[in-house]
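First up is the structure itself, then whatever we jot down about it.
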Amino acid sequence: MASNTDNQDLSNLPYIPLEPFTGTDPAGGDALLEDLNVWYQAGDISFMIMSTAFVLLMIPGVGFFYSGLARRKSALSLIWLSVMAAAVSTFQWFFWGYSLTFSHSAGPFIGDLSNFGFRNVLAHPSVASSRIPDLLFAVYQGMFSAITIALATGAVAERGRMLPCVIFMFLWLTIVYDAIACWTWNPSGWSNKMGGLDFAGGTPVHIASGAAALAYSMMLGKRRGHGTHELNYRPHNVTHIVIGTIFLWIGWFGFNAGSALAANMRAIMAAVVTNLSACVGGITWCVLDYRLERKWSTVGFCSGVVAGLVAITPGSGYVPVWAAVPCGIMGASFANYATKLKFLLRIDDALDIFAVHGIGGLVGNICTAFFATNSITRLDGVSSIKGGWLDHNWIQLPIQLADSFAGGAYSFVLTCAILFILNLIPGLHLRASEESEILGIDDAEIGEFAYDYVELTREVLNDVEGDNMSAYSAEQPAVHQGQGQYGVAISSGMPGREKIVNMSMPLTGHRMYGQGSADQAQ
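In terms of my numbering, the numbers along the sequence shown are unbroken and rise by one, the last being 523.
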């Protein structure tokens, strides 16, 4: 049968023919003298711009997720930190972060400053793929930098000061993230040359942020009342957790599928395994919690979804569809049980960031060694790997472990060093005062609240206390101070006032990252 195009004049079709890049200009050329678009497919450009926006959506997702897990009086501070992380990381990435990570003349450990301030970052084919220009690759990878530091800074929950944390963001990205991302993804990096497989950030994003969160939690110390009935472990807003999970789930399509750096079959495969692993992870964690508590936990499901997404991230462009099932099961299972580690380590990782992202990222890297195959990698038409155990490449497992532990150890040690030095600088002590912790970080550091009724309740209680003092001036009431939900007096000697005062009592029970029985081991 004759083709429908046999009688058509293809030379008159309305598209720009793709030409191979032959320029020598570091910026890719001069737009005043030549068309810089002829080297790239419009579909690839559109796909990567959309993927960039999807990854940006993950940042408020982290904020809502963390906010829902915390207590009301510190809920806004975690959203604030997430959006501030996007701002700080974007400037750092422009300033020198991109150059230190993806400069074309980088070394095996870190790049140079040849692209300082996005100098010559324009139309030259990117260091990672010839299918997109440097400028597009730079803005896309800048979102990875932002989401990584947003994940890590959740460790300050309910007891960390804002200013030192913001300065920490800039320093950590420069010293820790840029180095790990360079050796993982830059073709000159030692892990990349060794054959490490990390499609979308098992080590640079998840292991690095999980280790940093553990170090930050350790350096801050335990929250006030940790280990006693005063500290409420129950998430204050499960709806926020669900909303955050949805943002993360949607954004992860841009995170993993976009890492194909072109609109091709490999990107489709990455999207498919990402969604499947998330679903399996959510079911797994939910069942594990039900086995112990006989409750179908919403928080547990959301936690499992995130764990499944984390576990599939490093292998999403290397593994076949069926491999997403064991990745999701193992990622959620190991992360669930890893929530107990904070009790063994005696570190108050308030949001279980290390368990979900650190351990989840490690599981993902190991699964990549098992299930990676060259047949999936070749779906983009250009890439090729030796594969993992499915391709009888047995050495891939120790390579993956070396990359994982190197990234985790580097992040943990350097994070401790950065925080130790910051804490010595006047005005930059890491931890909020006890009064600020009782009052709540939202009020003490931001002066605003996630909910209007937090401030309204305080006003009501203050009025009640004032009325009581006036009515019983001859007999002063016994007022017992305690850390209630809003950090105010939670019991009074005045009869008839118990109902109002009890509005600020914390709920009993404890669950943070949907961690099942982990807190029961406390």
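Beta carbons: idealized from backbone N, C-alpha and C, even for Gly.
Same chain only: Cβ atoms within 6 Å of residue i, ignoring 5 sequence neighbours per side
i	result
LEU82	THR154
ALA268	ALA258 and ALA261
LEU101	ILE111, GLY112 and ASP179
TRP253	THR275 and LEU310
ALA216	PHE413, THR416 and CYS417
ARG162	ALA433
ALA182	THR102 and PRO205
VAL177	SER412 and LEU415
PHE22	TRP40 and PRO126
HIS105	VAL128
HIS237	ARG72 and ARG73
ALA151	ILE60, VAL63, SER83 and ALA86
MET331	VAL364
Contacting residues, own chain, Cβ-Cβ under 8 Å from residue i (five flanking each side not counted)
i	result
GLY222	ARG160, ASP349 and ARG432
GLY409	THR204, ILE208, ALA209, GLY211, ALA212, GLY359 and LEU363
ILE447	LEU77, SER78, TRP81 and MET163
ILE377	ARG267, MET270, GLY318, TYR319, VAL320 and PRO321
Extent of the continuous alpha helix (DSSP H) to which residue i belongs
i	result
ILE46	43 to 70
ILE244	239 to 257
GLY409	397 to 425
TYR217	209 to 221
TYR452	That residue, TYR452, is in no alpha helix (DSSP H); it is neither H nor E in DSSP.
SER304	299 to 313
TYR178	It is not in any alpha helix (DSSP H) - TYR178 carries neither H nor E in the DSSP assignment.
VAL383	No alpha helix (DSSP H) holds VAL383; DSSP gives it neither H nor E.
ASN366	361 to 372
TRP191	191 to 195
ASP353	Element bounds for ASP353: n/a, residue is neither H nor E.
TYR141	135 to 153
TRP94	Counting along the chain, TRP94 falls outside any alpha helix (DSSP H), and DSSP gives it neither H nor E.
ASP290	266 to 294
GLU35	Element bounds for GLU35: n/a, residue is neither H nor E.
LYS343	342 to 346
ALA336	325 to 339
GLU20	Where GLU20 is concerned, there is no enclosing alpha helix (DSSP H), given that its DSSP letter is neither H nor E.
ILE439	435 to 440
Anticipated Cβ contact below 8 Å, residue i with residue j, distance rounded
i	j	result
THR243	CYS303	In the sequence as presented, Thr is not what sits at residue 243; that position holds Val. Yes, VAL243 and CYS303 are in contact; Cβ-Cβ is about 6 Å, under 8 Å.
LEU79	GLY64	6 Å
PHE138	ALA129	6 Å
ASP290	GLY283	At roughly 11 Å, the Cβ-Cβ gap does not stay under 8 Å, so ASP290 and GLY283 are not in contact.
VAL273	GLY329	13 Å between Cβ atoms; not a contact.
THR299	VAL239	5 Å
Residue i to residue j span [Cα, whole Å]
i	j	result
GLN482	GLU436	Caution applies to GLN482, whose pLDDT of 40 falls short of 50 and renders its modelled position unreliable; the value that the coordinates give is listed next. Their Cα atoms are separated by approximately 12 Å.
ASN193	THR185	5 Å
THR246	LEU70	12 Å
GLY365	GLY316	7 Å
PRO188	SER218	34 Å
ASP135	LEU123	6 Å
PHE371	VAL84	36 Å
SER47	THR25	26 Å
ILE396	ALA403	11 Å
LYS74	TYR41	50 Å
HIS227	ARG347	11 Å
MET49	TRP173	27 Å
ARG292	THR369	29 Å
GLY29	ASP199	28 Å
GLY318	MET270	7 Å
ASN424	THR285	41 Å
GLU20	ILE400	37 Å
VAL157	TYR452	20 Å
ASP524	SER68	Because the chain in this structure spans residues 2 to 523, residue 524 falls outside the shown range and cannot be described.
ILE419	LEU429	12 Å
ILE367	ILE354	19 Å
LEU277	ALA333	13 Å
THR175	ALA407	17 Å
MET220	PHE450	27 Å
PHE117	ASP31	19 Å
TRP191	THR53	27 Å
VAL56	ALA263	15 Å
Same chain, Cβ closer than 7 Å to residue i, five either side skipped, listed in chain order
i	result
PRO27	ASN121 and HIS125
ASN394	LYS387 and GLY388
VAL89	VAL167, MET170 and PHE171
VAL357	SER304, VAL307, ALA308, VAL311, ALA336 and TYR514
THR91	GLY143 and ALA147
ASP392	THR374 and ASN375
LEU114	TRP97 and SER100
The ligand HEM heavy atom lying under 7 Å from the CB of residue i
i	result
SER130	This structure lacks the ligand HEM; in fact it carries no ligand of any kind.
Okay, do the region 88 to 105 and the region 136 to 144 touch, 3+ Cβ pairs below 8 Å being the bar? yes
Below 8 Å, how does it come out for the region 375 to 392 and the region 329 to 347: are there three or more Cβ pairs, yes or no? no
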